[in-house]
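Residue numbers (UniProt numbering): 1 to 238.
What follows is the structure, encoded as structure tokens:
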């Protein structure tokens, strides 16, 4: 892919082609998940940054395709679901309560001097509740439906209109969830100054911000795999 082609390619498609691009987008604060349906040029213009500079770093990143890289775009919907549930759903369930506990303690101890930590705590509580509900919706309704559709497609069976509507409605709801989670995570990032603790921050303070940064990174990849790969593959089957 040359520079001019890269400028006209959507952010989400760039990440789909090679996930190494995600690190570049994170560096410049470009949303490649919920807001990834715009071209690289448009994304850079909105951020007020040089398209040439970003595309240069992207081209360097796109050359890095290690042998161990998972080729998610080649995976079946069922395999993607297995990976998402075992890797990302498990991560969310493991981390939300731990991070919420740190956020509560930091807000209680430092909230008067650093009131943004109260905002972080409130936003993360809302994000946690929304994410856990989102996982349940996926695991109990949408993912089984996608598996059913994939099985029918593999057998050459016709997909009835009711099943198509259920998929459309389910994905629409999940897209809204992704948008909400992305907005809350962006609010937390802004309030925490890019997850940068003050120089005099205590250990719990630093652990909280490090965990929030890790949670954001996992969330971005989680949403990317669903929105840009799994859901597109499911829609292509109907």
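Backbone N, C-alpha and C define an ideal beta-carbon position, used for all residues, glycine too.
Just so it is clear, the structure is predicted and the values come from calculations on it, not from any experiment.
Can you check the segment 39-103 for any alpha helix (DSSP H) of at least 4 residues that lies completely inside it and give the ranges in chain order?
-> Entirely contained in the segment 39-103, the alpha helix (DSSP H) runs reaching 4 residues are, in chain order, 40-47, 51-62, 77-83.
Identity of the residues DSSP links to residue 203 by a beta bridge = Looking at the DSSP assignment, residue 203 forms no beta bridge with any residue, so it has no partner.
Going by other Cβ atoms of all chains shown within 10 Å of its Cβ, with 16 needed for buried, is residue 66 buried or exposed?
-> Because the pLDDT at residue 66 is just 43, under 50, the model does not fix this residue reliably, and the value given afterwards should be weighed accordingly. The residue is exposed, with fewer than 16 neighbouring Cβ atoms inside 10 Å.
Shortest alpha-carbon distance to residue 149 belongs to which of 21, 26, 18, 234?
-> 234
Nearest-angstrom Cα separation, counted from residue 18 out to residue 69 = The predicted position of residue 69 is uncertain, since its pLDDT is 42 and thus under 50; a value taken from the coordinates is nonetheless stated next. Using only the alpha carbons, I get a separation of about 9 Å.
May I have the straight-line CA-CA distance separating residue 56 from residue 176, to the nearest angstrom?
-> 33 Å
Pull up the distance between the alpha-carbon of residue 28 and that of residue 5, whole angstroms please.
-> Across the structure, residue 28 and residue 5 are spaced so that their CA atoms are roughly 20 Å apart.
From residue 197 to residue 99, what distance separates their C-alpha atoms?
-> 15 Å
Counting Cβ pairs closer than 8 Å, one from the segment 198-211 and one from the segment 178-186, do we hit at least three?
-> As far as the Cβ criterion goes, the segment 198-211 does not touch the segment 178-186, which means the pair count is below three.
Is the CB-CB distance between residue 84 and residue 230 below 8 Å?
-> yes
State yes or no: is the C-beta of residue 213 within less than 8 Å of the C-beta of residue 120?
-> no
Measure the C-alpha to C-alpha separation of residue 132 and residue 43 and round it to an integer number of angstroms.
-> Taken atom to atom, the span from the alpha-carbon of residue 132 to that of residue 43 is near 30 Å.
With 16 other CB atoms within 10 Å as the buried threshold, where does residue 77 fall?
-> Note on residue 77: 16 or more other CB atoms within 10 angstroms of its CB, so buried under the neighbour-count rule.
Check each candidate in 93, 89, 107, 15 and name the one with the smallest Cα separation from residue 201.
-> 107
Contacts around residue 204, its chain only, beta-carbon distance under 7 Å, and the 5 residues preceding and following it disregarded = 102, 105, 106
Output the distance between the C-alpha atoms of residue 82 and residue 112, rounded to the nearest integer angstrom.
-> 44 Å
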